[in-house]
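Encoded as structure tokens, the structure appears first; notes follow it.
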Amino acid sequence: MSRQSVARAHQKIQELSWDPMYHTPYQKYGTDYTFQKAQKRDPLKQVLRSYFPMQEDKDHRVYGASDGAIRGNMFRQVQERWLEWQKLFLSIIPLPEISAARSMPMLFHTVPNPELHNGQAIQMIDEVRHSTIQQNLKRLYMKNYVDPAGFNSTLRNFHNDYCGTIGRQFAEGFITGDAITAASIYLTIVAETAFTNTLFVAMPAEAAANGDYLLPTVFHSVQSDESRHISNGYATLLMALSDEGNHQLLERDLRYAWWNNHRVVDAAIGTFIEYGTKDRRKDRESYAEMWRRWIYDDYYRSYLVPLEKYGLVIPHDLIEESWNQIWNKGYVHEVAQFFATGWLANYWRIDPMTDEDFEWFEYKYPGWYDKYGKWWEAYNSLSMPNGHHPIVAENVDYVYPHRCWVCMVPCLVREDMVMDEVDGQWRTYCHEACAWTDKVAFRPEYEGRDTPNMGRLTGMREWETLYHGWNWADVITDMGFVRDDGKTMVAQPHLDLDPKKMWTLDHMRRMGNLQSPNVLLNEMSDDERTAFAADYVRQGPAGRPAPTDA
Amino acid sequence: MTDIAERSVPKLQFTDAEAGAKEFPDSTARSYNYFKPAKRKQTHYEDVTVEVQPDPRHYLSQGWIYGFADGQVGYPLTWTKLKAWGQDEPEPERGPGSGGLPKNFSWPAHGWHEFRDPNEEWEMTFYRYGANVERQINANIDVAREADAFAQWNPNWVTFVERHVGAWMHIEHILGLYVFSHANRSGPTNMHNTAMVVNGMHKIRFAQDLALYNLTLSEEIESFEGSAHLETWDSDPAWRSAREYVEALTAIEDDWGESIFAANVVFEPLVGELFRSNLVQQSAAGNGDFVTPTVIGCGEYDYSRRDLRMTIAMFEPRANDKEFAAHNQEIMQGWLSKWVPLALEAARGLQPLWSEPDFKPPRFEDALDRAKSRFSGIVSELGLQLPKELAQ
Chain A
1 MSRQSVARAH
11 QKIQELSWDP
21 MYHTPYQKYG
31 TDYTFQKAQK
41 RDPLKQVLRS
51 YFPMQEDKDH
61 RVYGASDGAI
71 RGNMFRQVQE
81 RWLEWQKLFL
91 SIIPLPEISA
101 ARSMPMLFHT
111 VPNPELHNGQ
121 AIQMIDEVRH
131 STIQQNLKRL
141 YMKNYVDPAG
151 FNSTLRNFHN
161 DYCGTIGRQF
171 AEGFITGDAI
181 TAASIYLTIV
191 AETAFTNTLF
201 VAMPAEAAAN
211 GDYLLPTVFH
221 SVQSDESRHI
231 SNGYATLLMA
241 LSDEGNHQLL
251 ERDLRYAWWN
261 NHRVVDAAIG
271 TFIEYGTKDR
281 RKDRESYAEM
291 WRRWIYDDYY
301 RSYLVPLEKY
311 GLVIPHDLIE
321 ESWNQIWNKG
331 YVHEVAQFFA
341 TGWLANYWRI
351 DPMTDEDFEW
361 FEYKYPGWYD
371 KYGKWWEAYN
381 SLSMPNGHHP
391 IVAENVDYVY
401 PHRCWVCMVP
411 CLVREDMVMD
421 EVDGQWRTYC
431 HEACAWTDKV
441 AFRPEYEGRD
451 TPNMGRLTGM
461 REWETLYHGW
471 NWADVITDMG
481 FVRDDGKTMV
491 AQPHLDLDPK
501 KMWTLDHMRR
511 MGNLQSPNVL
521 LNEMSDDERT
531 AFAADYVRQG
541 PAGRPAPTDA
Chain B
1001 MTDIAERSVP
1011 KLQFTDAEAG
1021 AKEFPDSTAR
1031 SYNYFKPAKR
1041 KQTHYEDVTV
1051 EVQPDPRHYL
1061 SQGWIYGFAD
1071 GQVGYPLTWT
1081 KLKAWGQDEP
1091 EPERGPGSGG
1101 LPKNFSWPAH
1111 GWHEFRDPNE
1121 EWEMTFYRYG
1131 ANVERQINAN
1141 IDVAREADAF
1151 AQWNPNWVTF
1161 VERHVGAWMH
1171 IEHILGLYVF
1181 SHANRSGPTN
1191 MHNTAMVVNG
1201 MHKIRFAQDL
1211 ALYNLTLSEE
1221 IESFEGSAHL
1231 ETWDSDPAWR
1241 SAREYVEALT
1251 AIEDDWGESI
1261 FAANVVFEPL
1271 VGELFRSNLV
1281 QQSAAGNGDF
1291 VTPTVIGCGE
1301 YDYSRRDLRM
1311 TIAMFEPRAN
1321 DKEFAAHNQE
1331 IMQGWLSKWV
1341 PLALEAARGL
1351 QPLWSEPDFK
1361 PPRFEDALDR
1371 AKSRFSGIVS
1381 ELGLQLPKEL
1391 AQ
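Chains as they are written, first to last, in our numbering: chain A, 1 to 550; chain B, 1001 to 1392.
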């Protein structure tokens, strides 16, 4: 290390700040925000002379632990229930990380403060670190865990699976549309500041409880970088707040980013922590308890609320509604149930819940068994192939849901479903907040103001559309979720690796064809659609059909 | 004795979930199976970079789900004028009942996916390299300080370093942050973008190394004016054309390929190495300075051994593309014709610097000839023709 103090060194590198003299940089990425040339200080105060050795040292610890895990046969004590869900999580997360790296250049020319660019550049390379170190962790799992299927096809799976598409919002949201909306508000102010707490702190703790200490090793190392990125977002936010013309956009973007992160991250991480664990100690925190601590108290009350005095309009209603969804409306349980319903469309194995799990759920979420218990008992009884279909095609009092056009998680809290004709197509939304995102926020005009840089929702947003009318065996073959014998499926609704107990394409061939709810919705007459919507909002909880006596 | 309540800790269980514990379909399939390696066996670098950035022509069945206001999505291949084989084939059209995998699918779907960084950079290699460079620089500076080596410098050399070596930090910074790092949102594959980030961080690190070296010299040499580089950079006519060049790189409209090409193929050999290797490195020892070359040398190594290798691997396949070689050669020849005169103007702008030190380096014209020769070799390696403008 140099003898120079980091503060002095950091002050010196400010002399590198560049004011163009002969050419104006090309503005590739646009924003509807405006910035005064406020001299906000770079909060990271990071200098590469000390940064490189620091990161190298962190790497040494990560790779040392990796070697130790293999030498110490960590996988003899890893819970398969847990590792299976990592096939999903670790297929998703390297793209959000690398997308965060890609998003930083969007700020270089839109945030007119060269001092902040230093922090953004550090964040950029941090994110490259995260993406490749996570790919490497997954590689290690693939090589050392009993069942490599799903890890070995990881990125093909991620790119063509509906769960991957849901997760991709947490990546594409960083790199497209209005540069500040994407790279600052969605990424740093909400995703990193609020939700990495559950992603990179709460979830690794659960991994350790399931015998996996490599995930905590890697992700705590990652999180030690994230805490610096949070400072990046804060500095840009304060700059944005200093211009009153931005307040309306900040309000819009916080609403969109908060709600989308809640829908996506809580769905995934909530499921991993609650349904991917074997640790059923009554005094271990549930996801709801973690959420209350990490997100409600630490983020909302300690970080967001104090910003109100600077003019930030905080989406109090949506934050309370998110808690309402998690605590009162069973959002995480509904999502986990849907994952398990559609096990055959994925690339990991989902362990049935046991009596010990039931007891824990009932203790943590009173009333859980009455809502979800019978269905999970059915899941268990239908988990081994024995002349019946997978649970999605059996009568277990579950109505296959429509997808939300925005967050792409199905409309699982049925009473909240919103249906509307937008851009010439009938769409369903899981909540009025998602409907607002499509109909109001992602538009070239917002509350009478031109927003020419705001992004657009694109793509084939309902996965089932692609396979409308296809036999399930062909769907799974097309997606590549088949093992190397050419017939056994990667996904299984149990953890038994006895080939005789594993589902194959032959079982799928006997099922009826897959139907796209959205295609069917658009084929309905107006009267049929009205009746459909009226019925849908009376369904649930746990996907139950609407009562017939009402 | 006090009773101690039993601690609540997770119960570890023997699960026997290690590789090889059971035999079943896929139980030995322990390699990523969704891409073709460049060579016979997948490398560690490929495993952690390839296909992380999706492509609708591969597996991205639902397409990109967010777009820009003008309708562009993802990483458009049109963000450079260069083309790779296969890219003009229509994107797979997907809709109700289309399925997800493109018809007649093969990997890769186009030539951009064939690029591999020959330096095989990912986070582990990158941080080890960067940390080693910083250790090396610190050690050199520390030992020089202890030996009071700075006292041996000729007075004019002190002025030269404070102004001109100082001015160079700005070039590295602009290239690092606003050219290479900026381009990492634009490349067609994860391998391109990761390589461009690494190149950018080399530059940013080098710029900071020069700035902190400047700070050390301010502390060690009484007459050393630590902020003199700012006035030199802003006002010295010798730097004007070099500054114009790097600022012009940031103004290139929507072509990451041109940015990287004009920086690493044209500017670096004709101006960068000219200044660093043919002026500073050749002058320092004679002026009593054995330290500055060790700092400059690290930046020089970044370019000559790593970033240039990467650049040739990135552009040479396009010049010899099986479908678009003629198109790409025309584009790249156009870039050479556009940027070489500007680089030569920048190089000649620096000529007065050759007479400033007491101990003179080899003549400017000889140095420029060496730089042109180096440049010619790079152009030849890319399979391109030397532009007539080089004779200017």
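The beta carbon of each residue, even a glycine, is placed where N, CA and C say it ideally should be.
For the pair of segments examined, the segment 134-153 of chain A was found not to touch the segment 196-206 of chain A: the number of CB pairs separated by less than 8 Å stays below three. Check the Cα spacing between A:Ala435 and each of A:Gly270, A:Met419 and A:Glu334: the tightest is with A:Met419. A straight-line Cα-Cα distance of about 17 Å links A:Glu97 and B:Glu1121. In this structure, the beta-carbon distance from A:Ala183 to B:Ile1204 does not fall below 8 Å. Taking each of B:Glu1023, B:Phe1014 and B:Asp1070 in turn and checking the Cα distance to A:Arg456, the smallest one comes out for B:Asp1070. Considering only A:Ala69, A:Trp470, A:Ala7 and A:Thr110, the residue with the shortest C-alpha distance to A:Gln36 is A:Thr110. The segment 381-390 of chain A makes no contact with the segment 296-307 of chain A, as fewer than three CB pairs between them are under 8 Å. Remark: C-beta atoms of A:Lys487 and A:Leu514 do not approach each other more closely than 8 Å. Neighbours of A:Met454 in chain B, taken as residues whose beta carbon is under 8 Å from its own, are Ala1069 in chain order. The segment 1037-1046 of chain B makes no contact with the segment 143-163 of chain A, as fewer than three CB pairs between them are under 8 Å.
For A:Asp474, there is no enclosing beta strand (DSSP E); the residue is found in the alpha helix (DSSP H) stretching over Trp472 to Met479. When DSSP assignments are scanned along the segment 139-191 of chain A, the uninterrupted stretches of alpha helix (DSSP H) that are 4 or more residues long and fall wholly within it turn out to be 154-160 and 162-175. When beta bridges are read from the DSSP output, A:Tyr300 appears opposite no residue. Annotation: Cβ neighbours of A:Arg102 in chain B (cutoff 7 Å, chain order): Asn1184, Arg1185 and Asn1193.
DSSP links A:Asp317 through a beta bridge to no other residue. DSSP lists A:Gln425 as the beta-bridge partner residues of A:Val422. For B:Val1379, the enclosing alpha helix (DSSP H) stretches over residues Phe1364 to Glu1381. Judged by DSSP in its simplified three-state form, A:Arg449 adopts strand.
In this structure, A:Gly245 keeps its C-beta atom at 8 Å or more from the C-beta atom of A:Val332. DSSP places A:Asn246 in no alpha helix (DSSP H); its state is neither H nor E.
Partner residues in a beta bridge of A:Tyr51, as assigned by DSSP, do not exist.
Under the three-state reduction of DSSP output, A:Arg349 falls in the strand class. Apart from sequence neighbours up to five positions away, the residues of its chain that approach A:Ser383 with a beta-carbon distance below 6 Å are Pro352, Pro493 and His494, ordered along the chain.
With fewer than 16 neighbouring CB atoms inside 10 Å of its own CB, B:Val1009 falls in the exposed class.
Beta-bridge analysis with DSSP links B:Thr1292 to no other residue.
Here the alpha carbon of A:Asn152 sits roughly 23 Å from the alpha carbon of A:Trp463.
The beta carbons of A:Phe339 and A:Ile326 sit about 16 Å from each other, so the pair does not count as a contact at 8 Å.
Between B:Asn1132 and the set B:Lys1372, B:Cys1298 and B:Glu1219, the nearest pair of CA atoms involves B:Cys1298. The beta carbon of A:Met460 sits closer than 7 Å to those of Leu466, all from its chain and outside the five residues before and after it, given in chain order. Around the beta carbon of B:Leu1012, fewer than 16 other beta carbons sit within 10 angstroms, so the residue counts as exposed. For A:His117, the closest Cβ of chain B is nearer than 8 Å. Contact between A:Asn210 and A:Trp360 does not hold, since the beta-carbon distance rounds to 14 Å and is not under 8 Å. B:Leu1390 sits in a helix when the DSSP states are folded into three classes. Across the structure, B:Phe1290 and B:Ile1378 are spaced so that their CA atoms are roughly 30 Å apart. For B:Pro1090, there is no enclosing alpha helix (DSSP H), as DSSP gives it neither H nor E. The bridge partners DSSP lists for A:Arg456 are B:Gly1067.
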